[in-house]
Every structure is written in structure tokens, then in C-alpha cells.
């Protein structure tokens, strides 16, 4: 009888420890729709009035993102030139992500642009209610800093 009590106590303790060790859901979990986009290069700020249709999905440690420039009209069937324009106006990737200290690091497993596959990209994230702001910076032409800021609304 004492052996059975010991087994039950050890089993209960292991179950309790494993349930406590699970990570809480990330504040990013869910589906986010692109709302606005702003680009700052040096002293020039450009607000993109129609940033297109974009969706970010986070679940567990996986992400998927798709974006397409909106307001494009194509013939039926589309011409070869319209197909080239559509390709340039579309972006997508999916892979893994980590989110720590307001830093989102995505690593694409698949992507429209093969140059980003297996590469990581980091952005700064802030979340207030159902609004997420995502900012990325890099050096551009003539060593001028370029900053992209996009806002998203969580639509789950």
C-alpha cells in the first residue's frame, strides 16, 4: 500500500510540474490584419495610404504572413506583363518565430523570395489592446537609416 501511495505521489508531482512548466500563450497568438504602413528614410517620412492586404498568423512557435498590393486590376486571362506585376506586388513566408523582450524574430522555412529562406529577420513589436505595431530598421542608400512601421489589428 505504501508503494502505491508513493507512485501516486510521484505521478501527481510530475503532472503538476509539467503543467506548470508549459509556456503561457504568446500575446501574438492569433490573426492580425495590416492597417497602415509608414516608411522613414533619413528625414523623409512617407505614409502609404493604401498598404494593401496583409495578414499575419501566429500559433505556438509558427508564423505565416501574406501581403498583396491592393487595387490591382487584371484582364482575364492576365497578360504576361500583368503576371510579372502581380508577382512583384505579392509577398509571403511561413516558418518559426520567437518573441522576447518586444523583439519578434522570424525564420522563414518557405517564402516567395528564396533569398530569405532559412534566414532570420527581427522587428520591434508593441501591443496595445488589439493593435500591434511592428517596426524594422536597416541602413539604406548612402548609409541613411530606413525604418518601416506597420500597424495591425487582431482579428483572431
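Numbering (our numbering), first residue to last: 445 to 600. Note that the Cβ used here is the ideal one computed from N, Cα and C, for glycine as well.
Taking the beta carbon of residue 559 as the centre, do at least 16 other beta carbons fall within 10 Å, making it buried, or is it exposed? exposed
Bridge-paired residues (DSSP) for residue 426: In the structure as shown, the chain begins at 445 and stops at 600. Residue 426 is therefore absent and cannot be evaluated.
Please tell me whether residue 509 and residue 536 are closer than 8 Å, where the distance is taken between their beta carbons. yes
Would you kindly check if the distance between the Cβ of residue 598 and the Cβ of residue 486 is under 8 Å? no
How big is the Cα-Cα spacing for residue 479 and residue 593? 11 Å
Alpha carbon to alpha carbon, how far is residue 581 from residue 569? 12 Å
Which ranges does the alpha helix (DSSP H) cover as unbroken runs of at least 4 residues, wholly within the stretch 511 to 585, from first to last along the chain? 524 to 532
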